[in-house]
Structures are given as structure tokens and as C-alpha cells.
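Chains as they are written, first to last, in full-length UniProt numbering: chain A, 1 to 591; chain B, 1 to 591.
What follows is the structure, given as C-alpha cells:
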């Protein structure tokens, strides 16, 4: 069984010392009250809920899994999930970042990101039920009309219902242009939705009395491909005029998937059989509407990588402290014990520092990105909003793509420290590896993130976000150019960032000559960008320790991990650069 | 459900064209008959057994798992395992490489390695039952007396019984010096063995009527630590004088583990309660005796990495061929279909070529190493035997450590190509990832392999094996220096090999000054060495295509993959070099 303690000190360090979130947030529109005191109080409550209610259901939920009853087409979630959701709803967590007039608390997104980390560390499977609601809320908020919001959004914000996002079909995964689900208009301004959706998280469950599905489908006159897709609301139960539940709608789960991990999350096949639906937004503009919530969803999946890695690290560090095996290379460190602990082994420290560098670097990057979404939404200055918006667009594929991939490594190393004991289910480490394996796949595979970064954010949008980001790094480097204590970080960061810019320009030219070069370079470019972004976060973390009021040991750990990152992780860029330079000629046709 | 087809063409290419195994084997003592015809016939039969009998039980065996009955302390293996073992035994596979006077067929080890790949691809969990027997056979052959061999070895060679290796205890994993199991001498020259062993593969099962345990334990007068360990034979059933089974011995399974993968393999807690045992070899020399079989066991685990990666690659390649999704970057490749297949995406080819480079490079390296074990055992020239022995000692930690780690990447990329469908149990890809996760842990973790390579094989033994290996690479490079078609491979190979030698010397000096430097560099040095070894195998593969009689497409695929390896995988050495140079200063104390 694994332990979990909410890493509040690390979260506060990242939020306040590294990112200066308090000053930023209180200067935003509606941010007067978003002081450190308020934020800290929220983080503490979220930490308690996660430690006390969610964390204990993580292993049992995995073992028990969800159960589907074919006769009634109902899903039973694992023991404890329903009660946890009740407490979550009662605590107002479902509406944490939603506007007050929908019943939310209008707290900053960056705080939502921080609390999401805590909940996901507690129980990733469970956290998927409210996560999908969040996406549905955003869609309804941005694209629904007043009647739709009143009717469908408010109950989700209150935590009485949950939402889903129904995109994927058997023949339409990464390529949603291939989807076939049909929507036929009826006389009363509703639509009959017919088709089969797969991989629908929280498509059916027993946590709430109703579920609101947001469904992509084609109208009869829809153009082929991705420009002919519209977005619809389909409620599990039809509603009476007063919003109370009426008869079942013609939508039901046909099966749940048996998966490698996140076994407490109900991944459903959803059958729509002329189900009553309401169009949201404009006809044929459904994909664009979906994409407006994609950023939030992708950021949240990046946070899943952080959340799993954090909990895996906590446990592997404890194990390395307590497991006695062999002696230090330079002689017994604990001669009065039968053997030394694993921490005396430099190779074990290498695995632990790798995890730390990934976890804390990822946390800073994710919170940095989330903070930009707050600036984007609520800065008083339009130019600031615009710049933040570009930064978000640019950083999302990195935050999702790289953090989720690094979580594979991080959870793997955590298991490795346990040796053979890591492979045994009851020790809990293997669940993190299994759970983590989904996050490079859903909400856009790593390849999709890479294509989004290089193809859309760099080439199509001419790298505006990249330029802002590089300018910010350059300013940071200049600001600290004379800081002796940061010398070993600032120089390499400035050099690597310069190379990043040069490489991007060269690559853009090559892609112009041959579009296939985009696909040949994209994933390595994604990693390269991610390692620079994390280097920037680690340099900022190292720069931040001088001002903070933490213990000397806490500060030293940050400086040590920053040094480790720069000397042993950042050099991975060399490999990715070589791969990028190899070009599409290195990827010949396969028959 | 996944498919499997024995990769006989690739095996033959590696064996005959790349490694010249026929000429080598027929020149060895007792090797007259070991012609290509004979080897091919054996490979074909092994392929049939794997495809037809083992492969169909892989997914079902995982789903069903092993069942332990507490009352009778018996294990029921999954459906089909017993019948498969019967066919395996009847085919004489259990004694394939064992001496004829024990009932074996005395075929070369390299052939055993090749057939082991086929069986492990078919069903890794199942293959662990005969694998552990092999280790026990080697121990009995090398260290048992005539009476012990007659009594215990022959029935295993005949496939009537199986064997185990009982090393690990709860407090003694990587550090066997900590083990506590006791052996007390009795009047009749036997010993009473008492203690608990964990993680015992095939410790209890229903495939055969008896099981022979090889158990590490301490005699009453044993010195503390690893120099006080002896090796004992404990038979599940005591034997009558004629070798027939008598009463149960006081050894039994107490439980089986619930594991992340290899769920068809019974991983047992074994309780010895004054069980009757026989000492093998000298008192207190048990660990040395165990180590003589370690090479074979570690090589076989390296082969597991290959076997899983091969099957995962076959399926991900098929999927990439058949799955229609999106269009090629430079325009529709299959305009008459609703979408192009995944193969048109350079990023998907990158994932496939990564797998191919790992799979076929690993196969060549493992067979090369196995061939050296045949030379070591049966060359007519003593100097050749000595050199092969040094090469084997040097290559085993690489073959085990690096191939198993690369199998993590390879199986992960195979799953990734399936997108979300890779996460669904019934598609079978996630089982490869789960099964693969054990192989970097058992038979010595990657950290243990790294320490063995750098600490023992390079520094203690003064790198004799490395020198032979580097000389061989240098000779190969010189031989092909003027070959235009290999120019892009030979130059980088020669340069990288030179750097490897230089780095090794520098590292040796640093370790002399501070032994902690060994642990700080070992794992990165292991990877670095592995990537050079694979580069050599790929250069040899590219050089071999000109002489072979395969199709042009087959040859082109080898050249393409070699080019891919050199341009996109070999540069990983840059990162590992930087990490090695960072030294132990980059791995500060963690409290």
C-alpha cells in the first residue's frame, strides 16, 4: 500500500516563490481577494480531502474496478467513490473556478490546477469523474445559450450531475473528421442523435443522478470531414420544465472497457439511439467549440503526470530510506545495522533526483501555464491578455506532451527502486505505472501534441508564443547574469535557448521545402522544447530560494535538484537535436 | 488479441549472414553435425510449437492467472499450460542443449537462445517454467556429484520434473549476504533446511509430478555475509532408492504473488520447514556456484526483452498498416480510401523503426553473446576459449541490462501506435508492457548489471573483455574502411568506439580516486556501452546484406534500419556521456 501526503510546501514554493502568483493574481480583474492566505486555506482543505478521503480508495478502487450490469446498463463504481464525490460536491470543489453566477467560486485557474494535482494524486481514477464535468462546464459556459446554461450547467457546478465529452468513435480517433454519429433536426428545435461513441470516461456511473453528454455529431447537410461537425447536449434523463428529471433519454452505456489501468474509471461505449439533443453554438462549428475546452483538458492531463509522479516519488523515497541492503561503495555508512539503506547508493540517488527533477520542474511549468490562463482571462491590460493567450497556446502541447511522457519515466524509476517488490500489486507502485500509461494517449497522443506544437503553434502561428517565451527567458538570464550562485545554470540556459531559436528557424525552412519534415522532427522537437522549458523552471526555482523563508535543507534540495537537472537531464537535448537534424531521410517508407 | 509469427527469416539472417554461426559451430568440438540444415529444422519446429501451442495461451493465461489453493498448498496453472509443457517435454526441448549422457541433445547454446526467443514470444509466463529448470540443470551439471545428477538432473532433462532457484528472502534481495535460511547437518549426510524464500518462479505448479529446488542457505558454522552461503538440493517429494517418488518433503508454497504481469507464472513464497536437502558442491561456496549459472539466466532474461519486443513490433506494424486515420502531410496517399494508413506518418515510422532497431540489434547482440558461450565451451583452441569467456563475462551485463531496458521503450512505443486502443486489455498490447516490466528487476536489477559491468568486468578484471570487443570492432571497421556503401556507419562506429575507450580510462582513474564515482556513472556507462554494442551489430548487419540471398525489400529494410539507428539512436551516447562526466557531485546526499 502506498502513502500520500499533500506536498503543500512544494506547491507553495512553486506558486509564491518561483512564480510570484500572489502579486499576479491580486492584480487581475476580480482578484482582490485572491491572497496567499485564501489560496493556502483552499490548498490545505484540498490536501485533507485528498489524503483522508481519496488516497485510501486508490488501491482498493483499482482492485475492485467498475462493474457493468448488462441488463440494466448501469455502472457501479468502486467502494468509497460515491461518498468521496458527495464530500467533493458538498465542499464546493465542482465549481471552484466557475463563475459565481453559475454557482461557482470564481477562484483562479492556477488554484484549480494546484487542487487538481492533489485530487489526482489521491486517486486518479476517481478524479476523472469531476474532470470531465469541468470540460463540459467550459463548453456550456462558452458556447451554450442562457437557457442551456441554466438548465444543464448549474447542476454540474453544484456537483449534482456530471458531464462527459463524447468525441471518439471506433473509426474516428485522432482524426475526428471521420466521425459518423448523426443528428437529425425535429420539429421542436431538438435533434435526434444516433451513433456509437467509445472511450467515454464517466459515460455512465452511480455518483450522481444525471449525466450531461456533450456529443459531436453530423447534421444532415453537413460538409464532409472536420468542417461538418456540430456539438450537442444529450442529457441521460430528459428534463421537466422545472429542470427535474423526467424519463430516460435514448442514450445508454453498451459496455465498459477492461483497461491496463485507471480501473476505477468507467470508460464506456455509449450508444445513442435517436436520443434527444440540443445544438450548442453554431451548426458545423462543433470541432472549434470542442477545441476551446481542449487547453484546459490537456493541461489537466499534464497535471495527471505530475500527480502520479509525485505520489510515486514520495513512496520510492521512503522505500530508499528504509530498505537496508548492501553497503556504501566507500564503506559502511550505518555499521551498526545489518546493511546500509538504499540512499547511500549514487545510482539510487540518480533515480530519485531524476524523479524530483521531473516532478518539481513539471509542477512549476504546469502552474506557470495555468497562471497564464488566469492572465489571459482577467488581466486589465489587453496586450497582457493577448500575450498570455499566445503563451498558453504555445505551452499547452509541451505541458501535456512532455509532462505525460516524463511521467512514464518517473513512475518507472519509482518502481525500479523497489526492485522485485515494485512488481507486486500489493505494494502499489505498479499501479502508478499502469495508470500513467493512459496519459500519453488520451486528450491527444504525444504525436498529436508534437504536431500541434510544431505544425500549428510554431509554423502556422509563426511561433508568436515561442518568441514571448524566449524573450522572457532572455530577460531572466540577463537579470541574473551577475549572480555568482546561479552561474552554472544561467549560462547553459541562455545557450540552450539560443540554440532552440536557431534550430526552430532552420526547421521552419526545411518544412517549407518538404512538409514531411514536420512529422519527422515533431516529437523530438517537442521533447527538446520541454527540456528547455523545464530548465527555465529549474533556473527560476534556484533563483527563488534566496528570498523564501523555508528551511536550509528545503532550499538545498532545490539547488541540488536544479544542478542535477542541468548536468544530467538537459543534455538530452543533444540527442533530440541530432534526431531532428537527421530529417525525414532517416525515416524511409515501410511497407 | 495479438498475432505472432516466428521471425525465422530474421533469425536466420542474424545467425548465418551477420554472425556466420554455421562456420563457427561446425568447427567446434562435437560440432560436426551442427550445420545450417540441422539448425533450420530445429528453428522451424520451435516456431511451430510457439505459434500453434504457446502463442494462443498468452492472453488467456494472463487473464486467468495462476490459482493457489491454501488448503492443499497447490498451484493451478492457466488452461493450456500443462498440455503445452507435455508437448515441449515430448519434443525433447527440455534437454536441447544438455549433454547426451544426461539425456540431452547437446545442441549449441546459440540455438538454445534462438529457440528460447521463439518460446518466450509465444508466452513469456509459460516459458518461465522450463527456464528455471535450465538454471537448475546447469547447477546440477557443474556442481552436483554423479549420484545427484543421476537422481535429480536426468528427470529434469527428460521434462518429467522442473527445477527452481531459491535465492531471495524478504530481507535479502540484491544483497544475498543477508540471507538467513539455515541448513543443519543430520546423521545420514543430508541437511535440514529451514527458512522462507520469496519470488520463487515455478516454486509450485501442476505441470510435472516433482520439482527440484536449488536453495541457498547457511550451515551452522558459516561465516557471516556472502562467504557463508551453501547450495542445497531440496526435492518436493522425497525419492525412493529407485528414484521414484516417496513422501512429501517439508517444503511447500505458502502463497503466490499478485503481480503487474507474467500472471501465468507462479511466483511463490516457499516455506522450508526442516526439509531434507543435499549439499551441492563445497560448503560456503554456494554463491560462487550460483554465479556460474547466472550468465545463462541473465542472457535468457535479455532474450525475454527481445521476445516481447518482437511480438509487440509485429502487432504494431500490422496495426499501422491497417488503421486508417488522417492524411499524409504532403497530401492523400490513398485518396480512394476514407483516410491514409498510419504508415504515411513519419512520426509513426519513427516509432516503428525505433522498435525494429531495438529488436533486431538486440537479437544480433544476444545471439553473438550466446555464440561466444559455445566457443567458450567447445573451441579446440584454448586461447579462443579464454577469449570467448572474457567476452561473455563482459557482454552479459550489457545483454541483460540494456536489452531489458530497451524492451521497456520498445513495448511502450508499440502500445503508443495503437493510441487509446493500446490501453484496452483485449487488444493485448498492454500485456507486453506489463510483462516486460519485470525483466529489468529479476536476475539482477539494471543497477546491479551496471555495477557488474563497470565495477567487476571493467575495473576489477581490468576490462579484458572490453579490449577484445573493441579490437574486434576496430578490425571490422578496418576491413570495411573502403566500402562506400557503409561509409555513413563505419566512420561513426570507429569514432564512438574510440571515445568509449577513452572515457573508460578516464572513468577508471576517477573511480580509483573516489569509489562513489562508480555508482554515479555505472548505469549511464551501461547504456553507453549498449548503444555502441548495438551500433556494431547494426554495422555488421548492414555489411552482411550484400552476401545474403534475401529479397531486395528484406535487404533494404536492414539498411534503412541501420541508417536509422546511427542517425537517431546512437546519438543517445552524447547524453550518457554528459551524465557520466557530471560525476558523483551531481548526486548529492538525500536525507
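Idealized CB from N, CA, C, for every residue including glycine. Quick caveat: nothing in here was measured; it's all calculated off a predicted structure.
Proximity of residue 348 of chain A to chain B, defined by a Cβ-Cβ separation below 9 Å, is satisfied.
Counted as a single uninterrupted DSSP element, the beta strand (DSSP E) harbouring residue 276 of chain B occupies residues 267–280.
For residue 426 of chain A, no beta strand (DSSP E) segment is defined, and its DSSP state is neither H nor E. Rounded to the nearest whole angstrom, the C-alpha separation of residue 335 of chain A and residue 417 of chain A is 22 Å. Distance from residue 231 of chain B to residue 216 of chain B at the Cβ level is roughly 6 Å; contact confirmed, criterion being Cβ atoms closer than 8 Å. Secondary structure note for residue 254 of chain B: its beta strand (DSSP E) is the uninterrupted segment 251–256. Shown here, residue 341 of chain A sits in a strand according to DSSP, grouped into three states. Contact of residue 258 of chain B with chain A is assigned, a C-beta pair being separated by under 9 Å.
In the displayed model, residue 242 of chain A falls within coil according to three-state DSSP, outside both helix and strand. In the three-state reduction of the DSSP assignment, residue 163 of chain B falls in the strand class, which pools E and B. A direct Cα-to-Cα measurement between residue 207 of chain A and residue 166 of chain A gives close to 19 Å.
Three or more pairs of CB atoms, one per stretch, sit closer than 8 Å, so the region 263–273 of chain B contacts the region 191–206 of chain B. In the DSSP assignment, residue 193 of chain A falls within the beta strand (DSSP E) that extends over 191–201. Contact check for residue 247 of chain B and residue 238 of chain B: beta-carbon distance about 5 Å, within the 8 Å limit, so the pair qualifies.
Residue 415 of chain A sits away from residue 394 of chain A, with the two beta carbons spaced by 9 Å or more.
Per DSSP, residue 497 of chain B is one residue of the alpha helix (DSSP H) stretching across 487–513. With respect to the C-alpha of residue 59 of chain B, the residue from B:508, B:78 and B:48 having the closest C-alpha is B:78.
Between residue 312 of chain A and residue 355 of chain A, the gap from beta carbon to beta carbon is short of 9 Å.
Secondary structure note for residue 213 of chain A: its beta strand (DSSP E) is the uninterrupted segment 210–217. Contact between residue 284 of chain A and residue 229 of chain A holds, since their C-beta atoms are separated by about 7 Å, short of 8 Å. The DSSP-derived three-state label of residue 231 of chain A is strand. Taking a Cβ-Cβ threshold of 8 Å, the residues of chain A close to residue 408 of chain B are 412, in chain order. The beta-carbon of residue 560 of chain A is placed less than 9 Å from the nearest beta-carbon of chain B. Sequence-ordered contacts of the region 326–347 of chain B with chain A read 326, 329, 330, 338, 339, 343, 345, 346 and 347 [C-beta pairs closer than 7 Å]. The beta carbons of residue 532 of chain A and residue 496 of chain A sit closer together than 9 Å.
In the structure shown, residue 564 of chain B adopts helical secondary structure according to DSSP, grouped into three states.
Taking the C-beta atoms as reference points, residue 470 of chain A is found no nearer than 9 Å to residue 364 of chain A. Scanning B:265, B:466, B:561 and B:423 for the CA closest to the CA of residue 76 of chain B turns up B:265. If you look at residue 158 of chain A, you'll find it isn't in any beta strand (DSSP E); DSSP assigns it neither H nor E.
Cβ-Cβ separation between residue 358 of chain A and residue 309 of chain A: approximately 6 Å, consistent with a contact (criterion under 8 Å). Using a Cβ distance threshold of 9 Å, residue 343 of chain B and residue 320 of chain B count as a contacting pair. Taking 9 Å as the CB threshold, residue 131 of chain B stays off the interface with chain A. Under the three-pair Cβ rule at 8 Å, the region 169–186 of chain A does not count as touching the region 129–147 of chain A. When Cβ-Cβ separations below 9 Å define contact, residue 138 of chain B makes no contact with chain A. When secondary structure is reduced to three states using DSSP, residue 138 of chain B falls in the helix class. Residue B:226 holds the alpha-carbon nearest to the alpha-carbon of residue 176 of chain B among B:561, B:132 and B:226.
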